[in-house]
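Residue numbers (the numbering used here): 304 to 565.
All C-beta atoms in this analysis are idealised placements derived from N, C-alpha and C, irrespective of residue type, glycine included.
Nothing here was measured: the structure is a model prediction, and the numbers come from that model.
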């Protein structure tokens with residue numbers, strides 16, 4: 304029976320033969336058969352991917368909104384109460400594990416104050432708490448990065464010229480400085496977008512969301528090699544894709560970045 308299973312799973316060949324067979328399968332969209340449920344891995348990923356994509360989109364929307372607003376306000380009110388408070392909150396947010404934050408939010412807003420359900424039902428409302436759990440640590444890092452980039456841009460000659468012409472600080476920041484400071488934040492944003500596909504496993508487990516991260520956890524627990532390699536492949540492709548899009552987008556909104564890349 305063991306030998307028959309090895310033949311069925313294609314494990315009876317040498318390592319090079321197994322690798323060649325796997326590459327041939329990739330070219331035809333065949334990621335192998337899952338050991339746990341005996342279904343094609345591509346079907347398992349196709350079932351799990353939509354909810355993870357929705358979770359990533361909602362998380363990154365929170366990150367984008369919080370990053371742009373708070374970093375801009377921190378620069379406008381530099382070294383004032385708001386800036387210092389934002390700095391402390393960001394340091395705490397960076398140090399807080401996302402899964403611990405998810406448990407706290409779950410207890411607070413699903414148990415003590417039952418605004419949300421404990422177990423996700425796949426609706427947009429049920430993804431609010433997990434998306435906030437993922438977004439807060441990422442947003443705290445992004446705020447500090449964008450704030451530093453904006454302050455560095457404020458030392459440029461064109462800012463001095465704009466001030467000499469009588470433009471207000473907020474108009475200079477929102478009109479030109481943010482656009483020139485965005486490439487660093489966009490690159491970081493793209494890397495986190497890609498990483499969330501794989502690192503969302505703990506959050507999806509806490510909220511019982513059967514997404515890509517949850518499937519990866521199950522595959523690891525059952526030593527499902529084909530399932531693990533399939534999810535890792537999707538994460539690697541998304542990482543390359545997001546970074547490529549980030550470079551293109553940075554060049555579009557910031558011509559100086561495009562010239563620097565050339």
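- CA-CA distance, residue 519 to residue 412, rounds to 27 Å.
- The way I'd put it, the region 367-380 does touch the region 443-458; three or more beta-carbon pairs between them come closer than 8 Å.
- In the three-state reduction of the DSSP assignment, residue 417 falls in the coil class, being assigned neither a helical nor a strand state.
- Collapsing the DSSP output to three states places residue 400 in coil.
- If you draw a straight line from the Cα of residue 486 to the Cα of residue 532, it comes to about 32 Å.
- If you draw a 10 Å sphere on the C-beta of residue 314, you find fewer than 16 other C-beta atoms in it, and that means exposed.
- The distance from the Cβ of residue 434 to that of residue 361 is about 4 Å, consistent with a contact at the 8 Å cut-off.
- Membership of residue 450 in the alpha helix (DSSP H) is indicated by the continuous run 431-456.
- Selection 405, 401 and 370 evaluated against residue 390 yields 370 as nearest (Cα-Cα).
- In the DSSP secondary-structure assignment, residue 336 is bridged to 343.
- Annotated as proximal: residue 354 and residue 512, with beta-carbon spacing under 8 Å.
- DSSP places residue 474 in the helix class (H, G or I) of the three-state scheme.
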